[in-house]
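Residue numbers for the sequence shown follow our numbering, so the first one is 10 and each next one is one higher. Don't be surprised by glycine CBs; every beta carbon is placed ideally from N, CA and C.
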Amino acid sequence: MKRLSQHIIFVFLPLIVFVVFFIDLVFLYSQITITTLRIFREILLVGLLAGSWFFVQRYFRVEKLTIPQKLGRLTALLTLNYLVVLFLDGLLDPAYSDSFPPEYQNVAAVLFATIIGVLAPPTLIASLKILQELIFYRQKSTTRRYFQLFLLFTGLTSLSLYFTQQPLHLSFSGTSAQNTILFLITLFFMVQLSFHNDWIVYLPRKIKWLYFAIGIVLLSEIYSLFDVVYRTHLTAYSLFIASVSFMLYLFLLIYATVAILKLFIYLPTAKAFDRKIREVNSLNRLARTLNTELEPEKLIRMITRLSREVLECDSTWLEMRQEDGQGFKIVHWENLSEAQAANSPFQRHPVLVRHLYHQKQPVLIPDLHKHKDYAPLVAWKKEARSLLAVPLISNRDQLMGVLYALSHTAYAFDNEDLSLLEGFAHQAAIALENAQLVEKSIFRERIEQELKVAREVQLKLLPQQLPGLPGLEIAALSLAAYEVGGDYYDFFTYPDGALGLVIGDVSGKGTSAAFYVAEFKGVIQTLARVENDPCQLACQANRIMYPNMERKAFISAIVGRYEAENGKFSFVRAGHTPVLHWRAADHHLAVLQPPGLGIGLEAGPLFEKYIARCTVRLAPGDLLLLYTDGLTELRNQNEEEFGDQRLQEILPAVSGKSVEEAKETIFDQITEFLQRRALLDDLTLILIQKTEVSQSQEEGLLSAAVQMQNKARDNP
10 MKRLSQHIIF VFLPLIVFVV FFIDLVFLYS QITITTLRIF REILLVGLLA
60 GSWFFVQRYF RVEKLTIPQK LGRLTALLTL NYLVVLFLDG LLDPAYSDSF
110 PPEYQNVAAV LFATIIGVLA PPTLIASLKI LQELIFYRQK STTRRYFQLF
160 LLFTGLTSLS LYFTQQPLHL SFSGTSAQNT ILFLITLFFM VQLSFHNDWI
210 VYLPRKIKWL YFAIGIVLLS EIYSLFDVVY RTHLTAYSLF IASVSFMLYL
260 FLLIYATVAI LKLFIYLPTA KAFDRKIREV NSLNRLARTL NTELEPEKLI
310 RMITRLSREV LECDSTWLEM RQEDGQGFKI VHWENLSEAQ AANSPFQRHP
360 VLVRHLYHQK QPVLIPDLHK HKDYAPLVAW KKEARSLLAV PLISNRDQLM
410 GVLYALSHTA YAFDNEDLSL LEGFAHQAAI ALENAQLVEK SIFRERIEQE
460 LKVAREVQLK LLPQQLPGLP GLEIAALSLA AYEVGGDYYD FFTYPDGALG
510 LVIGDVSGKG TSAAFYVAEF KGVIQTLARV ENDPCQLACQ ANRIMYPNME
560 RKAFISAIVG RYEAENGKFS FVRAGHTPVL HWRAADHHLA VLQPPGLGIG
610 LEAGPLFEKY IARCTVRLAP GDLLLLYTDG LTELRNQNEE EFGDQRLQEI
660 LPAVSGKSVE EAKETIFDQI TEFLQRRALL DDLTLILIQK TEVSQSQEEG
710 LLSAAVQMQN KARDNP
């Protein structure tokens, strides 16, 4: 059903034409006028006009055609009308009365007028559609409104001409005031729309000449179209259709005339305009090409090659700043020898150095042979005549390089070429800078990925589960300033069964610190299998680590030992931060800081001389805090340091809380102090709290301690 409704027009239009043709024959042979039948005929002709409009709008597609194709369709339509009239003139001999509108005098006139009546509306409506596409090219906000008003007043003027039965011509004598006013309003919109022909501006010079020549012929066809082809036959067929056709014909004539005049005006400047268009198109093409290439080496080759193509010169080359920032070097060239590229005199020429490298200004030399100052450049390349050079400047206003163009012809370059190469150099600088940023970003992403893997490995070096002993609570926190940090802590068991712990801080940050952490962990875990004394364990670890560490690197550490049966905690401090001991019984905070050197600073004798063991007995409620210097050296946005005083004030405040609650309190204090500022150093802490032990638990601990001591004595 839908397809049937779409194609019913092919039945509707021929049927109207046949019925009107039959009525006209009746009027011709009967020589009588039947008013009802004539009204019916006019209604059918209005339907014919409406059907023609529908037919053209649906089946005459020009929206996707190019401008040359649209103009070609217009020419073909007008030529077809002339050919049809020439054919009919040779075949038929129509006769009309002298009255207005004219009446048929023979069958040939009926047939001739019917064919023209069928041909004219689709032709002119199709022409109007083509004009609409041209008018709406780069349309303004008022264009569509003017076009709609033109159609409205075209219809009103045609109806007025039909009802007043007045002739169709441009002379206003003998016409009613109403017709004159409507016609002048319609004419105003015709002229207004005729100046909407911006498509002419963007035509190439050769096409402008071609269109101008074709346009003269086309204008001649349009000029005589109505008088030669349409007027008598179409007026006899239908005054209303003739009126509409005349208004559309007049609009076509005015638009074509203005277009030809505009073409004539633009022809003298067409060459210069074409060159500017080529430059803009070339620059856009080059910019698109450059921005799609992200490898610096390929980009450099493209810059020299494409700049030579655009300027149509003999040689181009690109100098780039060397990586060490000392001087410039030719990195790629077109049509230069290896010797010329290696011995470029441009960086030694005082004029070029001043303009290009110091002032970062472009240089245009029309003829090198006319200036003695440029004799070294001519000696470098004898064929050189014209030179163009522009600096490549980064977004940070730094000179990245210089792009040169050389011609063997004098005055080969002008200011427009200079502007073109400057634009290209600007795009090239952006593309090179982007390529370098992408390269650095890829490298950074790869490093970050490697650091992420290293961080995952390092996290596995830390205890996955904290030890659990009756009468002892332990909590720990470790935060890295970078993906991989230099802080470390661990728990282990001495051969005699005592709990061992270590907390360390490797000097430096990043991967190098992480490698020392992994090595230190392995050393501690190995020595802890045979050593019961934390002092001996630290000394042995220093002797092993010292040969494998850089002289500027060291590890500060605390190696501790806790005996559950008697609550004694003993430790050595190898250049590390002190241990804070909060005694719950007398509410006293002790800062435990026995002497000791950092691991890896000295081979052994001096380290062993200064290392000292410190022992304290923990009572229920006592709290130990072991930490790295990243905690006390925290800095906020005001560059204020967290410091020892703040830390020492926290322990009394958390007395009586569990170690997990104490850890959360310390973390909250750190977060509040930092004020969203990132950590500048790794941060690690261990909290140990002595709790009450039941009688059965104490007996179990004593029994286990005796068994472990006996086992250690039997298996030394």
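Could you check how far apart the C-beta atoms of residue i and residue j are, in whole angstroms? I think they sit under 8 Å.
i	j	result
L589	Q657	7 Å
V511	I567	7 Å
F221	F273	7 Å
G506	R570	With 8 Å as the limit, G506 and R570 do not qualify as a contact, their Cβ atoms being about 11 Å apart.
P603	L441	Contact doesn't hold; Cβ gap of about 60 Å is too wide.
F162	T189	At roughly 13 Å, the Cβ-Cβ gap does not stay under 8 Å, so F162 and T189 are not in contact.
F121	P110	At roughly 15 Å, the Cβ-Cβ gap does not stay under 8 Å, so F121 and P110 are not in contact.
L58	V210	Actually they do not touch by this definition, with Cβ atoms about 35 Å apart.
Taking DSSP as the reference, what is the three-state secondary structure of residue i?
i	result
H380	coil
M329	strand
D102	coil
R455	helix
D638	helix
M409	strand
G609	coil
S247	coil
F181	Confidence at F181 is low in this model, with a pLDDT of 45, below 50, so its placement is unreliable and the value that follows should be read with caution. Looking at F181 - three-state DSSP - the assignment turns out to be coil, as it is neither helix nor strand.
R582	strand
V702	coil
A421	coil
Y275	helix
F500	strand
Y525	helix
P375	coil
R317	helix
P725	Residue confidence for P725 is low, a pLDDT of 48 falling below 50, so the modelled location carries little weight; the figure read from the coordinates is stated next. DSSP places P725 in coil when its eight states are reduced to three.
S108	coil
What are the boundary residues of the beta strand (DSSP E) that residue i is part of?
i	result
S136	Element bounds for S136: not the beta strand (DSSP E) but the alpha helix (DSSP H), 116 to 144.
D505	Note, D505: premise wrong, no beta strand (DSSP E); not H, not E.
T624	622 to 626
Q698	692 to 699
E574	Run containing E574: none; DSSP gives neither H nor E here.
L598	597 to 601
For residue i versus residue j, is the C-beta distance shorter than 8 Å?
i	j	result
A621	V581	yes
C531	G517	According to the sequence as given, residue 531 is Gly; it is not Cys. Contact: no.
F159	F198	yes
A628	A594	yes
F69	K138	yes
L430	L397	yes
V93	I134	no
G126	I250	yes
L140	L261	yes
Any beta carbon of chain D sitting closer than 8 Å to that of residue i?
i	result
E669	Absent from the structure: chain D. Only one protein chain is present.
Following the continuous alpha helix (DSSP H) through residue i, name the residue where it begins and the one where it ends.
i	result
Q657	652 to 663
T42	Premise fails: T42 is in no alpha helix (DSSP H) and is neither H nor E.
T151	No alpha helix (DSSP H) holds T151; DSSP gives it neither H nor E.
K549	It is worth fixing the name first, because residue 549 is Gln in this sequence and not Lys. From DSSP, the alpha helix (DSSP H) with Q549 extends over 543 to 554.
Q201	186 to 203
L303	That residue, L303, is in no alpha helix (DSSP H); it is neither H nor E in DSSP.
V237	No alpha helix (DSSP H) holds V237; DSSP gives it neither H nor E.
E559	E559 -> no alpha helix (DSSP H), and no H or E assigned at all.
Where residue i and residue j are concerned, what is the direct C-alpha to C-alpha distance, given to the nearest angstrom?
i	j	result
P725	L643	The pLDDT assigned to P725 is 48, lower than 50, so where the model puts this residue is not dependable; a value taken from the coordinates is nonetheless given after this. Answer to the nearest angstrom: the Cα atoms are 45 Å apart.
K699	Y525	32 Å
L633	I483	10 Å
N575	F676	31 Å
M554	V399	58 Å
F433	S316	8 Å
F36	Y246	12 Å
Q436	T301	12 Å
E425	L87	43 Å
Y619	G605	5 Å
R153	F145	8 Å
F181	L24	Any reading at F181 must be qualified, since the residue scores a pLDDT of 45, below 50, and its modelled position is unreliable; no value is offered.
I48	L54	10 Å
V29	K149	43 Å
H378	F422	15 Å
V539	L488	31 Å
N352	Q407	25 Å
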